[in-house]
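J.:
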Amino acid sequence: IHQLLLHPQELLGYSVTSGVTTHGRTLGFLVLVQSPSHTPAHVWGRVQAWLAGFRAHIETLTEEQVNNNVHALQEKYREPPTSVGGAAAEIWSEIVDLSLKFDRKEQQALA
458 IHQLLLHPQE
468 LLGYSVTSGV
478 TTHGRTLGFL
488 VLVQSPSHTP
498 AHVWGRVQAW
508 LAGFRAHIET
518 LTEEQVNNNV
528 HALQEKYREP
538 PTSVGGAAAE
548 IWSEIVDLSL
558 KFDRKEQQAL
568 A
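Counting from 1 along the sequence shown, just add 457 to a position and that's the residue number in the working numbering.
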């Protein structure tokens with residue numbers, strides 16, 4: 458997301474990341490920008506403007522584009538961990554959050 462919409466248009470810093478995060482039962486969207494040349498207030502304002510534009514972009518997606526994104530996410534959720542550490546992190550995340558949904562990724566792929 459950020460690579461297509463934020464980073465090329467907004468030269469805010471050397472590190473731009475966005476994504477979805479969960480903590481327990483709370484789902485969130487994160488945008489992380491590290492900039493050596495702009496103040497936090499400036500970066501915050503640009504991120505807010507980008508979010509407004511991103512919402513407008515989402516509202517203009519065709520059904521085909523949405524379906525393509527859904528299928529790509531389903532494939533991503535079904536990818537196995539790339540390391541033993543990654544597999545352990547997934548399991549421990551479920552234990553720490555007390556959710557114990559060890560098939561979470563498969564369930565997300567089906568949703």
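Cβ coordinates follow ideal geometry from the N, Cα and C atoms, glycine included.
Tell me whether the beta-carbon of G476 lies closer than 7 Å to the beta-carbon of L487.
T.: Yes, the Cβ-Cβ distance between G476 and L487 is below 7 Å.
J.: Does the beta-carbon distance from V500 to V473 come in below 7 Å?
T.: No.
J.: Ignore the nearest five residues each way along the sequence and tell me which others in K562's own chain have a CB closer than 6 Å to its CB.
T.: Answer for K562: Y534, listed in chain order.
J.: On a Cα-Cα basis, can you pick out the residue from H495, V523, P537, Q531 that is closest to A568?
T.: Selected option, being the one with the closest Cα: Q531.
J.: Residue range of the beta strand (DSSP E) that L508 falls in?
T.: L508 -> not in any beta strand (DSSP E); alpha helix (DSSP H) instead, spanning 497-516.
J.: So L487 is in the alpha helix (DSSP H); what residue range does that whole segment cover?
T.: Careful: L487 lies outside any alpha helix (DSSP H), inside the beta strand (DSSP E) at 483-491.
J.: What does the alpha-carbon distance come out to for the pair S540 and E547?
T.: Looking at the two C-alpha atoms, the distance is approximately 11 Å.
J.: Give the secondary structure of S472 by DSSP, where H, G and I count as helix, E and B as strand, and everything else as coil.
T.: Three-state result, S472: strand.
J.: Just the Cα atoms here: how many angstroms apart are R503 and H514?
T.: Their Cα atoms are separated by approximately 16 Å.
J.: For F559, count neighbouring C-beta atoms within 10 Å of its own C-beta (all shown protein chains included) and say buried if the count is 16 or more, exposed if not.
T.: Counting Cβ neighbours within 10 Å, F559 comes out exposed, since fewer than 16 surround it.
J.: DSSP on L462, reduced to helix/strand/coil?
T.: Bear in mind that the predicted position of L462 carries a pLDDT of just 46, short of 50, making it unreliable; the figure below should be weighed with that in mind. Helix.
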